[in-house]
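**Student:**
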Amino acid sequence: MPPPPASPRVLAVDGNSLGHRGFHSARAEAEREGWSIPFVTGAVVGMLASAWIEGPYDAVVVGFDHPTNQRKLDHPEYKANRAATHPDLPGHLQALRGHLRDCGFTVAEIHGAEADDLLAATVDTCAERGWPCDVLSSDRDLTALVGPNTRLLRPRATFADLKVYDEAAVQDEYGVPPAGYTDLAALRGDPSDGLAGATGIGPKMAARLVRDYGSVLAMYDALQHLAPRVEAALRSSRDRVLRNLELMAPIPHLSVDVEGAVAAGVDHRRVEATMDGLGLYAAARRFVRAVTTPPPPPLPPIPSDPDDLVGAFAAAAPTPVTTSPVSGEQVSLF
Numbered sequence: 001m002p003p004p005p006a007s008p009r010v011l012a013v014d015g016n017s018l019g020h021r022g023f024h025s026a027r028a029e030a031e032r033e034g035w036s037i038p039f040v041t042g043a044v045v046g047m048l049a050s051a052w053i054e055g056p057y058d059a060v061v062v063g064f065d066h067p068t069n070q071r072k073l074d075h076p077e078y079k080a081n082r083a084a085t086h087p088d089l090p091g092h093l094q095a096l097r098g099h100l101r102d103c104g105f106t107v108a109e110i111h112g113a114e115a116d117d118l119l120a121a122t123v124d125t126c127a128e129r130g131w132p133c134d135v136l137s138s139d140r141d142l143t144a145l146v147g148p149n150t151r152l153l154r155p156r157a158t159f160a161d162l163k164v165y166d167e168a169a170v171q172d173e174y175g176v177p178p179a180g181y182t183d184l185a186a187l188r189g190d191p192s193d194g195l196a197g198a199t200g201i202g203p204k205m206a207a208r209l210v211r212d213y214g215s216v217l218a219m220y221d222a223l224q225h226l227a228p229r230v231e232a233a234l235r236s237s238r239d240r241v242l243r244n245l246e247l248m249a250p251i252p253h254l255s256v257d258v259e260g261a262v263a264a265g266v267d268h269r270r271v272e273a274t275m276d277g278l279g280l281y282a283a284a285r286r287f288v289r290a291v292t293t294p295p296p297p298p299l300p301p302i303p304s305d306p307d308d309l310v311g312a313f314a315a316a317a318p319t320p321v322t323t324s325p326v327s328g329e330q331v332s333l334f
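Once you know that position 268 of the sequence shown is 268 in the UniProt record's numbering, the rest is easy, because the numbers rise by one and skip nothing.
1) Of the residues His-20, Glu-29 and Tyr-57, which one's Cα is nearest the Cα of Leu-11?
2) Shortest alpha-carbon distance to Ser-36 belongs to which of Ser-25, His-86 and Ala-95?
3) Whose CA, out of Tyr-174, Asn-16 and Tyr-78, lies closest to the CA of Asp-190?
4) On a CA-only basis, which of Pro-5, Ser-7, Val-13 and Phe-39 is nearest Leu-278? Give me that one, please.
5) I believe Val-271 touches Gly-98 by the beta-carbon criterion, under 8 Å. Please report the beta-carbon distance rounded to the nearest angstrom.
6) For the alpha helix (DSSP H) containing Asp-276, name the first residue and the last one.
7) Nearest CA to the CA of Asp-88: which residue from His-20, Val-210, Glu-246 and Leu-254?
8) Please list, in chain order, all residues of the same chain as Ser-255 whose beta carbon is under 7 Å from its beta carbon, the five residues on each side excluded.
9) In chain order, which beta strand (DSSP E) runs of at least 3 residues are fully inside the region 160-196?
10) Could you please give the first and the last residue of the uninterrupted beta strand (DSSP E) stretch that includes Gly-265?
11) From the DSSP output, which residues share a beta bridge with Cys-133?
12) Within its chain, find whatever has a CB closer than 6 Å to the CB of Asp-65; leave out the 5 residues flanking it on each side and keep chain order.
13) Counting only runs that start and end within the region 54-123, where is the beta strand (DSSP E) found for 3 or more residues in a row?
14) Using DSSP's beta-bridge definition, name the partner residues of Pro-155.
15) From Val-262, Tyr-281, Gly-260 and Glu-259, pick the residue whose C-alpha is nearest to that of Arg-269; which is it?
16) Give the C-beta separation of Phe-159 and Met-47 to the nearest angstrom, bearing in mind that I take them to be a contact with Cβ-Cβ under 8 Å.
17) Ignore the nearest five residues each way along the sequence and tell me which others in Lys-163's own chain have a CB closer than 7 Å to its CB.
18) Taking Cβ to Cβ, would you say Asp-124 is nearer than 7 Å to Arg-151?
19) Using 10 angstroms around the beta-carbon of Ile-53, count the other beta-carbons present and answer buried if the total reaches 16, otherwise exposed.
20) Out of Lys-204, Arg-229, Pro-5 and Leu-234, state which residue places its alpha-carbon closest to the alpha-carbon of Leu-217.
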């Protein structure tokens with residue numbers, strides 16, 4: 001294997017988020033075929049293939065929730081409103097961990113921590129070294145990790161439809177920079193996690209307060225300068241908002257072996273062999289195509305004179321034609 005590049009691009013993956021989506025997308029096929037084939041793994045590797053167009057990537061780190069959740073121990077109301085987990089899901093997530101390790105990816109799990117915490121540690125390590133990092137997750141709380149060299153890839157209706165958040169996209173959608181997102185979320189609350197926000201403070205007001213004061217703590221230091229209605233709302237909700245801030249912030253000082261992941265690289269032949277050994281042939285082919293197909297050439301710059309548009313595109317390099325899938329092969333999800 002060649003030595004790792006000087007500035008490797010890392011893909012940090014929320015294993016629980018993708019595993020949940022993979023489980024629910026695979027259930028229909030598994031009910032027909034039986035669970036003897038690990039369709040969840042096939043779905044997740046297919047999701048990685050879909051994300052590869054935003055790369056390519058030199059390393060993959062996959063974080064998982066540990067069964068012991070320190071946030072739930074400290075705050076029993078955290079995620080207490082969620083529906084019961086399907087009884088089969090934990091077993092499939094455990095199998096997924098092993099299969100991803102067999103593929104050569106770095107799988108991280110730390111007692112008491114959630115996948116979010118491990119992705120935050122991965123992003124911190126990359127930022128310290130100046131390495132670009134993309135975070136792949138459906139969890140919008142990870143918006144706070146976006147930075148100069150970090151993007152969030154959030155799937156929408158399908159995994160082929162990824163919304164890419166850089167700093168400008170976060171500011172445009174939420175009205176605050178990524179560094180202010182956790183403060184915004186603490187004020188707004190998160191019903192999906194059972195966390196109520198500040199009573200009477202809507203998303204627009206919350207964004208304005210974060211822009212004006214920079215943080216929740218600075219807001220509370222300046223309560224006397226706020227409009228009476230806003231002051232009263234923040235004062236009455238203080239305990240909830242500060243609890244949210246604590247729960248939404250990543251657990252600090254965690255260690256993830258990102259350098260080991262970079263040294264290991266991405267071996268598509270190993271992924272293919274692992275997937276083939278599991279009977280996931282379509283997922284194997286899909287991942288190999290994603291990793292080995294060269295990216296399309298960049299679009300030409302837009303000329304200042306609209307009359308030059310035709311000439312600019314005519315001068316652009318042609319997009320290479322791929323023959324995969326071959327001979328009318330129908331590609332299934334797994």
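Even glycine gets a Cβ: it sits at the ideal position worked out from N, Cα and C.
**Tutor:** So, from the data block:
1) In the sequence shown, the residue the question calls residue 11 occupies position 11. The shortest C-alpha separation from Leu-11 is found at Tyr-57.
2) In the sequence shown, residue 36 corresponds to position 36, counting from 1. Comparing Cα positions, the closest option is Ala-95.
3) Here the question's residue 190 lines up with position 190 in the sequence shown. Among Tyr-174, Asn-16 and Tyr-78, the Cα nearest to that of Asp-190 is on Tyr-78.
4) Here the question's residue 278 lines up with position 278 in the sequence shown. Nearest option by C-alpha distance: Phe-39.
5) In the sequence shown, counting from the first residue as 1, residue 271 sits at position 271. In the sequence shown, counting from the first residue as 1, residue 98 sits at position 98. About 14 Å; that fails the 8 Å criterion.
6) In the sequence shown, residue 276 corresponds to position 276, counting from 1. Taken as a continuous stretch (DSSP letters only), the alpha helix (DSSP H) holding Asp-276 covers 268-277.
7) As a working mapping, residue 88 is identified with position 88 in the sequence shown. With distances taken between CA atoms, Asp-88 lies nearest to His-20 out of His-20, Val-210, Glu-246 and Leu-254.
8) Residue numbering aside, residue 255 sits at position 255 when the sequence shown is read from its first letter. The residues are Ala-121.
9) 162-165
10) For the purposes of this step, residue 265 is taken as residue 265 along the sequence shown, with counting starting at 1. Looking at the DSSP string, Gly-265 is not in any beta strand (DSSP E), and its letter there is neither H nor E.
11) To locate residue 133, count along the sequence shown from 1; it is residue 133. Cys-133 is bridged to Val-10 and Thr-150.
12) Taking the sequence shown and counting its residues from 1, one reaches residue 65 at position 65. Closer than 6 Å at the Cβ level, and outside the excluded window around Asp-65, lie Asn-16, Glu-114 and Ala-115.
13) 59-63 and 106-108
14) Translated into positions along the sequence shown, residue 155 becomes position 155. Looking at the DSSP assignment, Pro-155 forms a beta bridge with Leu-162.
15) Taking the first residue of the sequence shown as 1, we reach residue 269 at position 269. It is Tyr-281.
16) Position 159 of the sequence shown, counted from the first residue, corresponds to residue 159. Position 47 of the sequence shown, counted from the first residue, corresponds to residue 47. With a Cβ gap of about 5 Å, Phe-159 and Met-47 count as contacting.
17) Numbered from 1 along the sequence shown, position 163 holds the residue referred to as residue 163. Around Lys-163: Arg-154 and Arg-156.
18) Numbered from 1 along the sequence shown, position 124 holds the residue referred to as residue 124. Numbered from 1 along the sequence shown, position 151 holds the residue referred to as residue 151. No, they are not a contact pair.
19) Walking along the sequence shown from the start, residue 53 turns up at place 53. With fewer than 16 other Cβ atoms within 10 Å, it is exposed.
20) The sequence position of residue 217 within the sequence shown is 217, counting from 1. Out of Lys-204, Arg-229, Pro-5 and Leu-234, Leu-234 has the C-alpha closest to the C-alpha of Leu-217.
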